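Let me begin by presenting the structure, written as structure tokens, before commenting on it.
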Amino acid sequence: MLKVEFLVAGGIITNYKCSSKCRHCSYSSSPKWPDDYMTPDVADEIFSILKRLGCSSVHIGGGEPLLKPDRILDILDSAAKNGMDIEYIETNASWYRDEASAVNILAELKRHGVHTLLISIDPFHNEYIPFRKVKDLVRACSKVGLNVFPWQMEFWDEIDMLDENTPHSFDEYTKLFGKDYLLRLPAKYGLNMKGRAFVTYKPYMRMQPFEQIMREAGPCRLLSGLYHFHVDLYGNFIPQSCPGLAVPLKELVDGADTDKYRIFYNLDSAGVAGLAGLAMKEYRYIPKAEYAGKCDLCYDIRNHLVLGLGLDLPDLKPDGHYRYV
Ligand code: SF4
1 MLKVEFLVAG GIITNYKCSS KCRHCSYSSS PKWPDDYMTP DVADEIFSIL
51 KRLGCSSVHI GGGEPLLKPD RILDILDSAA KNGMDIEYIE TNASWYRDEA
101 SAVNILAELK RHGVHTLLIS IDPFHNEYIP FRKVKDLVRA CSKVGLNVFP
151 WQMEFWDEID MLDENTPHSF DEYTKLFGKD YLLRLPAKYG LNMKGRAFVT
201 YKPYMRMQPF EQIMREAGPC RLLSGLYHFH VDLYGNFIPQ SCPGLAVPLK
251 ELVDGADTDK YRIFYNLDSA GVAGLAGLAM KEYRYIPKAE YAGKCDLCYD
301 IRNHLVLGLG LDLPDLKPDG HYRYV
């Protein structure tokens, strides 16, 4: 059985849709996703299960959770009802229009138990969002008395060297800071190389023979992330560093059937070698000679199943993770 008995702190993904299509997004969020948002009933169910598992605080992320700020209030009420603290809400500031409307929204969030906004500050977001919106949102937070968790402050000066009123491409950053600017970012940012981030950086990764990956890659232990798991708007448990894989949280509590979630189970227990064996035997997967590491092989198989064969597999969810990368 796939079972979760204890969780400490994680995040709630209220929506995958986003105003931006950032190159580093491990969830592959973008404007193309359906306009789905977590319902109050799903939120209630998730919070009560998390509470039972020992988790008393979560952050809220997306997508952009404040694309439609009124949709989040019921979720916050549900958190309060279940004794769940909100550590912070992540936002990219794209929704900022003017001080008066922002202050109204922030004050409403505060009334619903939010104390901190994590505001994205990095060159990836700056490809879509003028820095002026970020600065204005920081100012509006201070007016309302909301804390700001700037993610990450060390990019502030670099972004601030460019015109704050428009977004800026990576070409502009490269001209200013050097050809290897994009390559220096993963270490500085602490990127999770999955989803679109993987696609962005794959051309720079070292290739490895298929046989070597099969020999060396161990189990992925997808259920071991007690501190930074996510649960999405569909009630799915998303392992700490591997979006695009999912098992409903309510099934994991009592033990989810390994035959129903074979992709997840194989990765968790036998790693990508287990998945590749299954895919070759049952899903006509033909391996290539080499891959940019074990996660490249993993994504190649998952893409084959979801996009190539068009299969609706319960543990490869949401399929937008593969479609909108
Ligand atoms: S091989 Fe697959 S499941 Fe394992 S860490 Fe990489 S992407 Fe995640």
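Going by full-length UniProt numbering, the first residue of the sequence shown is number 1, and it counts up by one from there.
Heads up, the beta-carbon is just placed ideally off N, CA and C, and yes, glycines get one too.
Just so you know, these numbers come straight off a predicted model, no measurement behind them.
- The closest CA to that of asparagine 236, considering only Val272, His228 and Ala246, is found on Ala246.
- Every residue with a CB closer than 5 Å to a heavy atom of the ligand SF4 is listed here in chain order: Cys220, Cys242, Leu267, Val272, Lys294, Cys295 and Cys298.
- If you check the CB distance, glycine 293 and isoleucine 213 come in under 9 Å.
- Counting C-beta atoms within 10 angstroms of its own C-beta, isoleucine 75 has 16 or more neighbours from the protein chains shown and is therefore classed as buried.
- Between the region 175-187 and the region 224-235 there are fewer than three C-beta pairs closer than 8 Å, too few to call the two in contact.
- A contact between stretches requires three or more CB pairs, one per stretch, nearer than 8 Å, and the region 19-28 meets this requirement with the region 197-204.
- If you draw a straight line from the Cα of leucine 117 to the Cα of methionine 205, it is about 34 Å long.
- No Cβ-Cβ contact shorter than 9 Å links valine 306 with leucine 297.
- Here serine 224 carries a coil assignment [DSSP, helix/strand/coil].
- Around the beta-carbon of aspartate 122, 16 or more other beta-carbon atoms lie within 10 Å, marking it buried.
- Burial check for glutamate 251: the Cβ neighbour count within 10 Å reaches 16 or more, so the residue is buried.
- Boundaries for tyrosine 88: no alpha helix (DSSP H) harbours it, while the beta strand (DSSP E) harbouring it runs 85-91, taken from the DSSP string.
- Distance from the CA of asparagine 92 to the CA of lysine 281, rounded to the nearest whole angstrom, comes to 43 Å.
- Remark: C-beta atoms of glycine 244 and histidine 321 approach each other more closely than 9 Å.
- Classified as exposed, isoleucine 286 has fewer than 16 neighbouring CB atoms from the shown chains inside 10 Å of its CB.
- The DSSP-derived three-state label of tyrosine 96 is coil.
- Fewer than three pairs of CB atoms, one per stretch, sit closer than 8 Å, so the region 24-39 makes no contact with the region 128-144.
- The region 39-48 makes contact with the region 82-96; the number of CB pairs closer than 8 Å reaches 3 or more.
- The shortest C-alpha to C-alpha distance from threonine 39 to any of Tyr88, Leu233 and Thr258 is the one to Leu233.
- Shown here for arginine 132: same chain residues with a beta carbon closer than 8 Å to its own, the five before and five after excluded, namely Glu164 and Asn165 in chain order.
- Taking 8 Å as the upper bound for CB-CB distance, tyrosine 181 and tyrosine 173 are in contact here, some 5 Å apart.
- Across the structure, glutamate 108 and proline 203 are spaced so that their CA atoms are roughly 44 Å apart.
- The three-state secondary structure of alanine 289, taken from DSSP, is coil.
- At a Cβ-Cβ threshold of 9 Å, serine 19 and leucine 67 count as neighbours.
- Note on serine 101: under 16 other CB atoms within 10 angstroms of its CB, so exposed under the neighbour-count rule.
- Residue pairing from DSSP places aspartate 232 in a beta bridge opposite Ile13.
- About 7 Å separates the beta carbons of lysine 288 and phenylalanine 210, which is inside the 8 Å limit, making them a contact pair.
- Taking a 10 Å sphere around the C-beta of methionine 207, we find fewer than 16 other C-beta atoms and assign the residue as exposed.
- If you draw a straight line from the Cα of lysine 110 to the Cα of asparagine 147, it comes to about 10 Å.
- Here the C-alpha atom of leucine 7 lies approximately 42 Å from the C-alpha atom of leucine 162.
- Here leucine 183 is exposed: its Cβ has fewer than 16 other Cβ atoms, across all protein chains shown, within 10 Å.
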